[in-house]
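Residue numbers (the numbering used here): 114 to 523.
Note that the Cβ used here is the ideal one computed from N, Cα and C, for glycine as well.
From a predicted model like this one, the values you see are computed outputs, not experimental measurements.
Report on the structure given below.
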Amino acid sequence: MKDTLNSTNKSQYSVLLSVISFIIIGGLIYSLILGDRLRFQDEGHYLRMANNLIKHKIYSYDIYAVHPTAFHPPGYALIIATFLWFGGGILSLRMVNFISLIICVYLLFSILKRHGLDTGAKWTPVIILCYPVLFFTASTIYPQIIATTIFVSIIYLTDKYEAKTSIALLKGMLYGVLILISPSFTMVLPIMLIAHFILKKRLSLIYILCFFLGIVIILTPWVIRNYLVFHRFVVLSNNGGKTFILGNCENSKPNKGEGIDISRYDNEIKRLNLDEVDTDRYYKKKAFEWIQNNPKDFIKLYSLKLLNYFNYRNELATKSEESKLRDIVMFLTYYPILILVLIRIFLIKRYPLKNIEILFLLFYLMSAFTNALFLPRIRYRLPYDMLLIGVAATSIHYLTGLLNKKNNKN
């Protein structure tokens with residue numbers, strides 16, 4: 114029996130190490146092939162903000178580093194600036210993403226093993242490897258992979274440790290860093306707050322207060338900076354309004370992003386000479402006005418965007434990066450994960466959902482319903498796809514068990 118367990122563990126860890134090796138070696142080779150080439154406009158924006166921090170000591174969006182900004186939160190730009198300051202380049206930034214992906218693979222593997230889902234844990238790295246959009250995203254100068262790793266780390270801490278105030282404070286600080294990298298994670302805060310209760314059936318007011326204290330510790334310097342610069346409170350960014358209007362106006366489409374025509378609003382902003390903060394508020398105001406004046410259109414659009422959350426492709430603003438082959442690969446890799454999750458739901462009566470599976474699914478559904486209020490994009494969904502992979506892996510775990518039972522009977 115002991116030899117069998119040792120053999121199983123060796124098999125699981127050999128798969129894990131094989132996938133990790135592939136990611137690090139493949140990531141290095143792919144990064145060398147890409148060189149310093151940037152494929153998306155936002156990559157250049159992040160690099161520019163990081164360079165402005167280093168060279169001009171200002172968090173600015175523009176080329177000449179004149180106008181301070183809070184359009185993007187500073188989390189990812191600070192990470193980039195740190196590596197650039199120490200002499201790193203584009204290659205090192207890509208490799209940071211690939212290393213983050215490796216950490217995420219290990220954390221998800223460990224979470225499933227903790228819950229006795231050994232076969233699921235073994236399959237988790239394989240499914241991640243067979244979902245190439247994660248590998249592709251790691252090769253970009255985008256924050257999604259680092260954000261995913263921090264997100265999964267918070268879940269890992271919640272799952273591993275009891276309700277200690279020190280852990281709650283640490284989780285709050287990590288969550289503060291997370292929303293300074295990607296503010297969209299604020300939309301799953303309600304699930305984050307009850308995550309410990311879902312997993313441990315314990316929760317206290319002190320624990321929640323310590324969690325919020327951790328968030329406040331991280332956000333306070335940024336909020337103070339914004340008040341000194343703009344003379345108004347900006348908690349995270351001035352980007353939410355634009356995202357909101359893109360997803361809620363007369364020209365909004367369920368699968369379209371930056372290409373949506375909002376010129377009538379932009380022209381009005383220029384006419385009124387609004388600054389960044391007031392522009393953000395103007396976009397939000399106009400989006401809410403459209404929703405109030407067009408409730409039926411809003412409900413229809415919201416429903417389509419909710420369905421589109423589960424789409425295998427998006428219309429990209431960077432047309433050169435659109436590819437039929439990439440769409441086919443995405444179709445053939447995303448929907449099998451969804452099918453495995455549906456099979457897991459089908460098996461609920463025989464194998465009730467574990468608490469960790471419930472948490473993963475709640476995060477995914479919360480993300481779907483809240484993202485539909487804005488712009489459902491695949492890159493915004495990726496952190497939650499990682500959790501969906503965890504559920505898909507548990508499906509394989511139980512299916513394997515059923516097949517083994519059937520074979521033993523025969």
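Going along the chain, which residues of its own chain have a beta-carbon closer than 7 angstroms to the beta-carbon of residue 274, five neighbours each way excluded?
Here the set comprises 280.
When the distance is taken between beta carbons, is residue 399 closer than 8 angstroms to residue 485?
The answer is no: Cβ separation not under 8 angstroms.
Taking only the alpha-carbon atoms, compute the straight-line gap between residue 464 and residue 231 and give it to the nearest angstrom.
Computed Cα separation, rounded: 15 angstroms.
How is residue 238 classed by DSSP in three states: helix, strand or coil?
DSSP places residue 238 in helix when its eight states are reduced to three.
When the distance is taken between beta carbons, is residue 316 closer than 8 angstroms to residue 310?
Yes, these two residues count as a Cβ contact at 8 angstroms.
Where residue 209 and residue 261 are concerned, what is the direct C-alpha to C-alpha distance, given to the nearest angstrom?
Going from the Cα of residue 209 to the Cα of residue 261 covers about 13 angstroms.
With a Cβ-Cβ cutoff of 8 angstroms, do residue 211 and residue 251 count as a contact?
Cβ atoms of residue 211 and residue 251: closer than 8 angstroms.
According to DSSP, what are the bridge partners of residue 317?
According to DSSP, residue 317 bridges with nothing at all.
If we count Cβ pairs, one from each stretch, closer than 8 angstroms, do we get three or more for the segment 226–240 versus the segment 168–180?
These segments do not touch.
Applying the criterion that 16 or more other CB atoms from any shown protein chain within 10 Å of the CB defines a buried residue, is residue 345 buried or exposed?
Residue 345 should be labelled exposed.
Which residues in the same chain have their Cβ closer than 6 angstroms to the Cβ of residue 510, if we skip the five residues on either side of it in sequence?
So the list reads 230, 232 and 233, once near-sequence residues are dropped.
Within this structure, are the beta carbons of residue 493 and residue 365 separated by less than 8 angstroms?
For residue 493 and residue 365, no; Cβs fall outside 8 angstroms.
Round the Cβ separation of residue 328 and residue 288 to the nearest angstrom and send it over; I've been treating them as touching at under 8 angstroms.
Sure, about 6 angstroms apart at Cβ, within 8 angstroms.
Counting C-beta neighbours from all protein chains within 10 Å, is the total for residue 498 16 or more, i.e. buried, or is it exposed?
It counts as buried.
Starting from residue 404, follow the alpha helix (DSSP H) in both directions and report where the run begins and ends.
389–406 is the span of the alpha helix (DSSP H), which, as asked, contains residue 404.
Which whole-angstrom value is the C-beta distance of residue 506 and residue 237, which I expect to be below 8 angstroms?
Yes, residue 506 and residue 237 are in contact; Cβ-Cβ is about 4 angstroms, under 8 angstroms.
Please list the terminal residues of the continuous alpha helix (DSSP H) segment that includes residue 223.
Here the alpha helix (DSSP H) through residue 223 covers 203–227.
Are the segment 387–407 and the segment 186–193 touching, with three or more C-beta to C-beta distances below 8 angstroms?
Judged by Cβ distances under 8 angstroms, the segment 387–407 makes no contact with the segment 186–193, as fewer than three pairs qualify.
What are the partner residues of residue 296, as DSSP defines its beta bridges?
In DSSP, residue 296 forms no bridge with anything.
Going by C-alpha to C-alpha distance, which of 373, 451 and 264 sits closest to residue 240?
Measuring from the Cα of residue 240, the nearest candidate turns out to be 451.
Assuming contact is defined by CB atoms lying nearer than 8 angstroms, are residue 472 and residue 291 in contact in what I supplied?
Taking 8 angstroms as the Cβ cut-off, residue 472 and residue 291 do not qualify as a contacting pair.
Taking residue 188 as part of the alpha helix (DSSP H), name the residues at either end of that continuous run.
Looking at the DSSP string, the run of the alpha helix (DSSP H) that includes residue 188 is 188–198.
Let me confirm a value: residue 360 is counted as buried when at least 16 other C-beta atoms fall within 10 Å, else exposed. Which label applies?
By the neighbour-count rule (16 or more Cβ atoms within 10 Å), residue 360 is buried.
For residue 173 and residue 353, what's the separation of their Cα atoms in angstroms?
Going by the C-alpha atoms only, they are around 18 angstroms apart.
Could you pull the DSSP bridge partners for residue 428 from this structure?
Looking at the DSSP assignment, residue 428 forms a beta bridge with 369.
Could you give the DSSP three-state label for residue 252: helix, strand or coil?
Correct three-state label for residue 252: coil.
In the DSSP assignment, find the unbroken alpha helix (DSSP H) run with residue 171 in it and report its ends.
It is not in any alpha helix (DSSP H) - residue 171 carries neither H nor E in the DSSP assignment.
Starting from the Cα of residue 156, find the closest Cα among 206, 132, 171 and 169 and give me that residue.
Minimum Cα distance to residue 156 is reached at 206.
Under 8 angstroms between the Cβ atoms of residue 454 and residue 508?
Yes.
In whole angstroms, what separates the C-alpha of residue 159 from that of residue 343?
Near 21 angstroms, if we compare the C-alpha coordinates of residue 343 and residue 159.
Reducing DSSP to helix, strand and coil, say where residue 449 ends up.
The answer is helix: DSSP assigns residue 449 an H, G or I state.
Just the Cα atoms here: how many angstroms apart are residue 114 and residue 474?
Because the pLDDT at residue 114 is just 47, under 50, the model does not fix this residue reliably, and the value given afterwards should be weighed accordingly. Their Cα atoms are separated by approximately 34 angstroms.
Pull up the distance between the alpha-carbon of residue 244 and that of residue 446, whole angstroms please.
Those two C-alpha atoms are separated by around 6 angstroms.
Over what stretch of residues does the alpha helix (DSSP H) that includes residue 384 continue unbroken?
Unbroken alpha helix (DSSP H) run through residue 384: 376–385.
Among the residues of its own chain, which have a CB less than 7 angstroms from the CB of residue 403, if the five just before and after it don't count?
Hits under 7 angstroms: 361, 362 and 363.
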